[in-house]
Every structure is written in structure tokens, then in C-alpha cells.
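Colleague: The structure that follows is given in the form of C-alpha cells.
Okay, here's the thing in C-alpha cells:
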């Protein structure tokens with residue numbers, strides 16, 4: 157993942173919190189997954205749209221996708237969430253994995 161991030165940075169300026177979308181090539185994935193990490197202290201990521209600029213990232217959405225066709229759909233679905241201020245604020249307040257899963261499922265249903 158570090159090697160891929162160095163070649164293809166994933167820092168994104170979203171509506172209320174900068175995010176990163178690190179992922180690995182599909183050949184390295186055994187099972188589809190989405191990992192969401194809320195960082196206590198933001199870390200620097202290179203912007204995907206300005207390779208000479210770094211941003212402080214508060215939330216990391218790590219995609220593990222085996223099928224490339226699913227990968228594109230997953231990013232599209234996630235992009236809607238990144239620019240939804242209510243959802244992003246809620247992500248910062250969850251207290252458990254179960255609460256986070258319920259939040260994502262609720263957002264998908266809307």
C-alpha cells in the first residue's frame with residue numbers, strides 16, 4: 157500500500173474533513189472490505205489532484221476490492237458520503253465498529 161500511495165497519492169479535500177483513500181492493487185486482495193479510520197492526530201497525505209501539495213487528513217477510507225468493476229462503484233458511492241457533512245460529522249462521533257457499520261448502512265439506504 158505504501159508503494160502504491162507513493163505512485164498514486166490519494167489525499168482528497170472533502171467538504172468538512174480531508175480524507176485519504178489508500179488502496180492496494182486487486183491482485184493482493186483476498187476479501188472485499190472497507191476500513192474507516194478516524195485519526196486522533198491528522199497525518200499528511202499528498203493530494204491526488206495536486207502532487208506537489210500535502211494536506212492534513214483526519215479520516216482514512218481504506219478500500220480492499222478484488223473486482224475492479226466493483227472498485228469504481230465503491231469509490232462513486234463513497235464520494236457521495238465524503239461530501240455529506242452530516243455523515244462525516246457522524247463518523248467522528250461513533251464509539252464502536254458496530255455503530256460505524258450501522259451508520260454506513262443507513263447512509264447507503266438514503
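Numbering (this note's numbering), first residue to last: 157 to 266.
Cβ coordinates follow ideal geometry from the N, Cα and C atoms, glycine included.
#1: What are the boundary residues of the alpha helix (DSSP H) that residue 244 is part of?
#2: Taking residue 196 as the reference, give the member of 163, 215, 224 and 263 with the closest Cα.
#3: Which of helix, strand or coil does DSSP assign to residue 226?
#4: Which residue from 231, 220, 247 and 242 puts its Cα closest to that of residue 168?
#5: Sort 260, 246, 206 and 180 by Cα distance to residue 234 and report the nearest one.
#6: Locate the beta strand (DSSP E) running through residue 202, then write down its first and last residues.
#7: Classify residue 247 as buried or exposed, calling it buried when 16 or more other Cβ atoms lie within 10 Å of its own Cβ.
#8: Please name the residue, chosen from 200, 236 and 178, that lies closest to residue 218 on a Cα-to-Cα basis.
#9: I'd like to know whether the C-beta atoms of residue 240 and residue 263 end up nearer to each other than 9 Å.
#10: Report the rounded CA-to-CA distance for residue 282 versus residue 256, giving the unit in angstroms.
#11: Considering residue 207, what are the terminal residues of the beta strand (DSSP E) in which it resides?
Modeller: Quick look at the numbers:
#1: 241-249
#2: 215
#3: helix
#4: 231
#5: 260
#6: 189-202
#7: buried
#8: 178
#9: yes
#10: Nothing about residue 282 can be reported from this structure: the residues present for the chain run from 157 to 266 only.
#11: Per DSSP, residue 207 belongs to no beta strand (DSSP E) and is neither H nor E.
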